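Just remember that my numbering sits 983 ahead of the position in the sequence shown, which is counted from 1.
By construction, the Cβ of each residue, glycine as well, lies at the ideal position given by its N, Cα and C atoms.
Note that the coordinates shown come from a computational prediction; the quantities given were computed from them, not determined experimentally.
This report concerns only the one structure given below.
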Amino acid sequence: MSPNEPANPLGDLLRESRRFPPPESFAARAHVRDRTVWPEGEEARLAWWAARARELRWTKPFGRILDWDPPFAQWFADGELNASVQCLDRHLGTPRAHKAALVFEGEPGDRRTLTYAQLHREVCRAANVLRALGVGRGDRVAIYMPLVPEAVVAMLACARIGAVHTVVFGGFSAKSLADRIVDAEARVVVTADGGWRRGHDVPLKEAADEACALASSHGVEVARMLVVRRTGRACPMQEGRDAWWHDAVAAASPDCEAASLPAEHPLFILYTSGTTGKPKGILHTTGGYMTGVAATARMVFDLKDEDVYWCTADIGWVTGHSYVVYGPLANGATVFVYEGAPDFPAKDRFWSLIAEHRVTIFYTAPTAIRAFMRWGDDLPARHDLSSLRLLGSVGEPINPEAWMWYRRVIGGDRCPVVDTWWQTETGAILISPVPGVTVTKPGSATQALPGIVAAVLDDAGRPVERGSGILAILRPWPSMLRTIWKDPERYRQVYWSRFGPSVYFPGDGAKRDEDGDFWLLGRIDDVLNPAGHRIGTAEVESALVSHPRVAEAAVVGRPHEIKGDAIAAFVLLRGGPPPADAGERARLADALRDHVGDEIGKIARPDDVHFCADLPKTRSGKIMRRLLRDIASGRALGDTTTLADPAVVDALRRQYAAAED
Ligand code: WT7
């Protein structure tokens, strides 16, 4: 098989020969210093994970480690614990109680710090509020918020009482929020009046109101809405349903006993895109997830009490769940949180934040790194970045030049760079350097972490020792997804059928080099990664065809210098051909882009809209995606307006047919 074109121009990975051993000073102080940590063999592996799990606080210790009925796993199933206790109560009564847990800066520059003791009180209050609203164990709560401390409080408050949170990124549309509320059957929504983004006040409450109305028309009635006051924008409150967060929380008791929950009690559902138009509700449970995120946050980020750790992800993504909230707080770290955009009010905002808050560990995405590179070296050079000691990358393949720039310009050639591979489904990082041990290579995620068994397989499922193929995870791991919410059959079919029911198929292409190191090559399915966000081509297609002017649509990715993937849409119109006038054509294309923005969210707006007379299909009726990718990237046809000519489409179709049918 040959994986799709990599999401970004990766350069010639085969010729990449630069090597960076861990700096001695870093290795000498690191939590993990030598390779003896990696357990060998299945028995040792399970014992190693059990030891990681025992580092948590259990209200009822577990005896069983793994129950594996492929593809359904249970970890530590007879134990009981609470996720919020790992992140809060465990640190109280230690010197950590009065250290900063969250250091927050809003986009307008407002600042707040919450110590572990204060965060604990806030979470208890919010948990009591949720209980008083009738939220019980297993009930789903949708969280649609800007990146402010209350968002973290809301997540942990759900965890405290055994409610299941489903966080929906604030950039998603009302319609997307409604779909998730309906699928999860969430009766309570936590939102904010608005959030700050590039100086604009993003109207979240309005979108939440619209989503509730839509959900109601699909039979799911949101009974209660809590609204955090963030931007102060006027928003109508619905009598009997809505309450202000600050009123409710201030009136609530700061004591709330944490529910003792079975290890397999659901912690959260997080929706992510797949190859159909319907996002999948990825279900994570308590004991295994907490074990995975706590252990990996410690190993990969080497978290110490004196660190100021900043992961730039929003809590609407899994990175925000695992490495803004649960992983670092379980380690008692100081977590820096910033609400806004990297280029507001100026393109050096991140560097000034690092300098002012003395950030020591910085974790961001390649798309951001490529934008920073483009903005120039002089911006970071204006700020004192000497507090940094470790850099991380996540979300998509990082091209060696971006990796080198990150290391040199941001890391001052002294900070190890950890390129961390994982997914919403994996819950925690699976493949990554361990910074005090691993020799890093620009562009390589290097090795599977301790306790993880990863491989590259060929089409027939045979291991590829050296060369490229399909990434696979050969053994279950504690933080793995348990199922797709309400759809175990889809879970089995999507992740556990490619190589049989006991091999996990992530959907990524990968290569192994002569040292056995992994190089991730991008998705091999119809999932795109524009600017580190995950979007299914089918989702964008179904949004497009819901527009009255669109008869049919096909969406593919094309390489984009900064975003990794750009979204290219090929559209067959109904009700007449595309307007002959170029200005009118451009307006129609914009209307279609806006429509996709309204249906899904801005992140899914197509970069290119090509109108065509016909969509090239194989004789069996499959859209010829390789042809479209070649056209989108300019490889097959310079001028896409000629796609309005059926003869051109037909000629191209014939040219590609042999390869694709
Ligand atoms: C997909 C998962 C994991 C948190 C953010 C994304 C791609 C992720 C890397 C990396 C190459 C990567 C994969 C994966 N991906 N990290 N270090 N190198 N590719 O989570 O939205 O679930 O997306 O992101 O293609 O399958 P997600």
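Who are the near neighbours of residue i in its chain, counting only those whose CB is closer than 7 Å to its CB and skipping five residues on each side?
i, result
"residue 1553", "1536, 1537, 1593, 1595, 1598 and 1611"
"residue 1385", "1349, 1352, 1353 and 1356"
"residue 1000", "none"
"residue 1091", "1179"
"residue 1168", "1123 and 1203"
"residue 1632", "1595, 1596, 1597, 1599 and 1626"
"residue 1619", "1610, 1613 and 1635"
"residue 1406", "1489"
"residue 1440", "1446, 1447, 1452, 1453, 1455 and 1482"
"residue 1572", "1592"
"residue 1546", "1350, 1513 and 1514"
According to the neighbour-count rule (16 or more other Cβ atoms, all chains shown, within 10 Å of its Cβ), is residue i buried or exposed?
i, result
"residue 1019", "exposed"
"residue 1146", "buried"
"residue 1148", "buried"
"residue 1062", "buried"
"residue 1634", "exposed"
"residue 1247", "buried"
"residue 1649", "Given that the chain is displayed from residue 984 to residue 1644, the structure contains no residue 1649 and the question cannot be resolved."
"residue 1584", "buried"
"residue 1281", "buried"
"residue 1543", "buried"
"residue 1605", "exposed"
"residue 1617", "exposed"
"residue 988", "Unreliable placement is indicated for residue 988, whose pLDDT of 41 sits below 50; the coordinate value is still reported in the next sentence. That one is buried."
"residue 1364", "exposed"
"residue 1574", "exposed"
"residue 1629", "exposed"
Taking 9 Å as the cut-off, decide whether the C-beta atoms of residue i and residue j are in contact.
i, j, result
"residue 1494", "residue 1452", "yes"
"residue 1432", "residue 1412", "yes"
"residue 1530", "residue 1586", "no"
"residue 1139", "residue 1153", "no"
"residue 1141", "residue 1237", "no"
"residue 1290", "residue 1344", "yes"
"residue 1370", "residue 1332", "no"
"residue 1074", "residue 1066", "no"
"residue 1462", "residue 1409", "yes"
"residue 1211", "residue 1228", "yes"
"residue 1315", "residue 1077", "yes"
"residue 1048", "residue 1058", "yes"
"residue 1022", "residue 1016", "no"
"residue 1492", "residue 1504", "yes"
"residue 1132", "residue 1095", "yes"
Taking 6 Å as the limit between beta carbons, can you name the residues of its chain near residue i, skipping five residues before and five after?
i, result
"residue 1035", "1274 and 1278"
"residue 1588", "1576, 1579 and 1580"
"residue 1158", "1582"
"residue 1540", "1511 and 1548"
"residue 1347", "1295"
"residue 986", "Caution applies to residue 986, whose pLDDT of 39 falls short of 50 and renders its modelled position unreliable; the value that the coordinates give is listed next. Answer for residue 986: 1492, 1504 and 1507, listed in chain order."
Flag residue i as yes when its Cβ comes closer than 8 Å to any non-hydrogen atom of the ligand WT7, and as no otherwise.
i, result
"residue 1402", "yes"
"residue 1431", "no"
"residue 1512", "yes"
"residue 1302", "yes"
"residue 1428", "yes"
"residue 1255", "yes"
"residue 1519", "no"
"residue 1376", "yes"
"residue 1267", "no"
"residue 1503", "yes"
"residue 1543", "no"
"residue 1582", "no"
"residue 1515", "yes"
"residue 1491", "yes"
"residue 1599", "no"
"residue 1380", "yes"
So, at 8 Å on beta carbons, what are the nonlocal neighbours of residue i in its own chain, with the 5 sequence-adjacent residues on each side left out?
i, result
"residue 1201", "1161 and 1165"
"residue 1568", "1561, 1562 and 1594"
"residue 1098", "1080, 1081, 1082, 1083 and 1084"
- Below 8 Å, can you find three or more Cβ-Cβ pairs linking the region 1366 to 1375 to the region 1394 to 1402? In short, these stretches touch, since the Cβ pair count reaches three.
- Between the region 1070 to 1079 and the region 1095 to 1111, are three or more C-beta pairs nearer than 8 Å? Yes: the two stretches touch, three or more of their Cβ pairs being nearer than 8 Å.
- Take every Cβ of the region 1325 to 1340, pair it with every Cβ of the region 1358 to 1367, and state whether three or more of those distances are shorter than 8 Å. Enough Cβ pairs lie closer than 8 Å, so yes.
- Task: Answer yes if the region 1475 to 1482 comes into contact with the region 1045 to 1059, meaning at least three C-beta pairs across the two stretches below 8 Å, and no otherwise.
- Result: Contact holds: three or more Cβ-Cβ distances are below 8 Å.
- Query: Taking one C-beta from the region 1111 to 1129 and one from the region 1230 to 1239 each time, how about it: are there three or more such pairs within less than 8 Å?
  - Reply: By the criterion of at least three beta-carbon pairs nearer than 8 Å, the region 1111 to 1129 is in contact with the region 1230 to 1239.
- Quick one: any contact between the region 1466 to 1474 and the region 1263 to 1271, if contact means 3 or more CB pairs under 8 Å? Between the region 1466 to 1474 and the region 1263 to 1271 there are three or more C-beta pairs closer than 8 Å, enough to call the two in contact.
- Do the region 1117 to 1129 and the region 1159 to 1175 meet, that is, are 3 or more Cβ pairs less than 8 Å apart? Under the three-pair Cβ rule at 8 Å, the region 1117 to 1129 counts as touching the region 1159 to 1175.
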